[in-house]
Amino acid sequence: MRDAAPALRVLKKRSAFLAVAAHRKRWVTTAFVVQAAPQVSGGDGEPEGESVPVIGLGLTTSKKMVGKKAVDRNRARRRLRALAREYLPLWAQTGHDYVLIARKDALTLDYERLKRDLRWALGKMGLGRD
RNA sequence: CCAGACGGUCGGAUGGUCGCUGCCUGCCCCUAUAGUUAGUGGGCAGGGAGAGGAAAGUCCGGGCUCCAGACGAAACGAUGCCGGAUAACGUCCGGCGAGGGCGACCUUAGGGACAGUGCCACAGAAAACAAACCGCUUGCGGCCUUCGCGUCGCGAGUAAGGGUGAAAAGGUGCGGUAAGAGCGCACCGCGCCCUUGGUAACAGGGGCGGCACGGAAAACCCCAUCGGGAGCAAAACCGCGUAGGAACCGCGCGUCUUCUUGCAAAAGAAGGCACCGUUCUUCGUCACGGCAGCAGGUUCGGGUUGGUUGCUUGAGGCGUCUUGGCAACAAGCGUCCUAGAUGAAUGGCCAUCUCUGCCGCAAGGCACAGACAGAACCCGGCUUACAGACCGUCUGGAAAU
RNA sequence: UCGGGGAUCGUCUAAUGGUAGGACAGCGGCCUUUGAAGCCGUGAAUCUAGGUUCGAGCCCUAGUCCCCGAG
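First residue of the first sequence: 1, per the numbering used here; consecutive thereafter.
Given below as structure tokens:
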């Protein structure tokens with residue numbers, strides 16, 4: 001155990017989502033889109049006294065990308081949340097915010113496939129941790 | 001057994017593992033306190049709970065919250081056989097009328113067309129105070145190698161027949177007649193009156209009329225009943241923060257009487273009449289307020305963030321329960337607590353079991369919970385979507401006895 | 001959450017309750033050496049399901065989809 005497990009913090013404000021999107025760093029897989037941006041220290045971030053490194057997580061499931069049924073959007077969001085909670089603290093660099101945008105295939109693809117895609121996307125963006 | 005009608009119930013289960021959101025208990029920290037203790041604070045551990053029959057569409061009705069001074073009328077909207085249930089309803093129950101089905105049963109916006117206005121295209125002679133195109137009958141006059149039951153013209157009568165149309169002004173039969181006609185009669189229909197049953201819608205019976213009354217109100221409309229507006233992003237509190245603005249429009253300083261002060265001008269008080277303002281689109285009556293630099297309207301500028309409450313115990317669910325009622329339902333008794341999120345939890349992955357579907361003669365194999373679908377203040381309904389399973393009552397048919 | 005509007009040939013757009021019309025595009029022909037333009041002809045539609053009516057694009061009810069507005 002090199003350092004303490006990073007804490008997950010949920011993005012709650014529209015401005016935070018827009019800030020991540022404006023950074024224009026993203027990678028697309030069949031089931032989802034990953035957007036990432038370094039956290040702004042001074043802004044609405046947590047105080048610096050935080051001992052544990054922080055990873056920000058935001059989820060987007062739109063009617064346009066996933067489907068018009070609320071059941072499908074809920075399912076896609078929950079699968080992506082489970083994926084992110086399990087593997088982002090292991091694989092992603094701390095001090096960044098990540099936004100996952102679900103696509104239609106997030107409903108049907110294997111969980112193992114989602115895992116590989118997430119790791120691959122993080123590596124391609126240069127934000128992976130061995 | 002086959003076909004069908006109606007009503008109801010359910011709509012995966014068990015386990016492992018990693019997580020999420022409230023609640024309860026215990027411990028630790030923080031804050032307050034001298035302390036006991038307290039907390040709307042934070043963390044950890046344990047326990048227990050965690051989407052639906054439609055959560056959906058947002059089509060009705062309420063509760064609740066805020067806004068508005070009261071009432072009435074108009075306007076607008078909704079409903080529309082009768083009775084009942086209900087907090088209320090456009091819902092439900094029971095009945096009536098009409099229509100459909102062999103039947104169980106199903107469907108039904110079903111008030112008013114002498115209060116009024118308008119419509120009924122095309123076709124047809126005529127489409128609503130009826131009407132004479134072809135016909136039918138007949139009077140008068142003319143015509144003739146044919147004097148007829150012929151033919152032509154003018155007039156009168158006629159709604160039986162033809163033809164048009166969705167609809168042609170009661171239907172069928174008999175009488176009647178020059179031919180016909182509710183012209184007369186019988187039955188049916190229609191209208192009015194009386195009467196019996198029924199709370200009523202309505203149904204049965206009797207009499208009279210002699211056809212007068214076409215359709216359509218899901219055309220406008222009339223009548224009756226109901227409805228103030230907005231919606232939990234309502235609303236309240238705490239904290240932070242901005243501003244206590246600017247421009248334009250509109251309105252307004254009244255008048256009379258009495259009293260007091262005063263020589264007077266004038267000032268003050270009370271009352272009346274105007275005027276202005278206050279509820280919802282308008283109007284009216286009443287009430288309240290005002291006699292002043294301020295209440296009103298429009299536009300611009302600024303701002304529109306965080307937390308707590310509202311927030312889940314309620315017109316609540318369940319019962320081979322009791323009583324009343326045909327029923328909807330009501331009353332009583334017993335019992336249970338059963339989601340409260342807010343960038344929004346109720347999940348991810350795996351295994352087993354049945355159920356289902358497909359392939360196969362079969363053993364078996366494959367897909368593997370597969371339908372519709374996710375709470376957002378809460379209830380009662382309606383409507384729409386739905387794989388499959390089960391239960392009950394009844395109808396028609398077949399077979400057996 | 002609340003409110004408003006709409007759906008007609010492939011596209012745009014008309015139609016007092018009475019034969020669904022027009023333009024562009026398409027297809028065929030004429031003209032031309034060929035094409036364009038022009039001329040002639042031709043196919044093609046009322047969002048869905050019920051109801052009222054003799055008759056519905058129009059009226060009523062329910063549903064589907066789309067657009068707009070307010071907070």
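Just so it is clear, CB atoms sit at the ideal spot from N, CA and C, and this is done for glycine as well.
Next item on the list: Would you check if the distance between the CB atom of A21 and the CB atom of M125 is smaller than 7 Å?
Entry: In this structure, M125 does not lie closer than 7 Å to A21 by Cβ.
Notebook entry, point to check: Given a threshold of 16 other Cβ atoms within 10 Å of its Cβ, counted over all protein chains shown, does A82 qualify as buried or as exposed?
Noted result: Counting Cβ neighbours within 10 Å, A82 comes out exposed, since fewer than 16 surround it.
Notebook entry, point to check: Does DSSP put L109 in a helix, in a strand, or in coil?
Noted result: Assigned with DSSP and collapsed to three states, L109 falls in coil, not helix or strand.
Checklist line | Presumed contact (8 Å Cβ cut-off) between Q39 and G56, rounded CB distance | finding: Contact holds; Cβ gap of about 6 Å.
Next item on the list: Consult DSSP for R119 and reduce its assignment to one of helix, strand or coil.
Entry: Looking at R119 - three-state DSSP - the assignment turns out to be helix.
Margin query: Mapping the DSSP letters down to three states, classify R26 as helix, strand or coil.
Written below: Reduced to three states, the DSSP call for R26 is strand.
Notebook entry, point to check: Name the DSSP beta bridge partners of G182, please?
Noted result: Residue coverage of the chain in this structure runs from 1 to 130, which leaves residue 182 outside it and unanswerable.
Margin query: Can you tell me where the alpha helix (DSSP H) holding A76 begins and where it ends?
Written below: Segment 70 to 91, the alpha helix (DSSP H) holding A76.
Checklist line | Counted within 10 angstroms of its Cβ, other Cβ atoms place Y111 as buried (16 or more) or exposed | finding: Its Cβ having fewer than 16 others within 10 Å, Y111 is exposed.
Check: Where D3 and Y87 are concerned, what is the direct C-alpha to C-alpha distance, given to the nearest angstrom?
Finding: Only weak support exists for where D3 lies, its pLDDT of 42 falling under 50; the value from the coordinates is given anyway. CA-CA distance, D3 to Y87, rounds to 16 Å.
Notebook entry, point to check: What residue from G123, L107, V99 has the CA that sits closest to S78's CA?
Noted result: Contrary to the premise, residue 78 reads as Arg rather than Ser in this sequence. Of the listed residues, the one whose Cα sits closest to R78 is L107.
Item checked: Pick from L114, R73, Y98 that is closest to S62, judged by C-alpha positions -> Of the candidates L114, R73, Y98, the one whose C-alpha sits nearest the C-alpha of S62 is R73.
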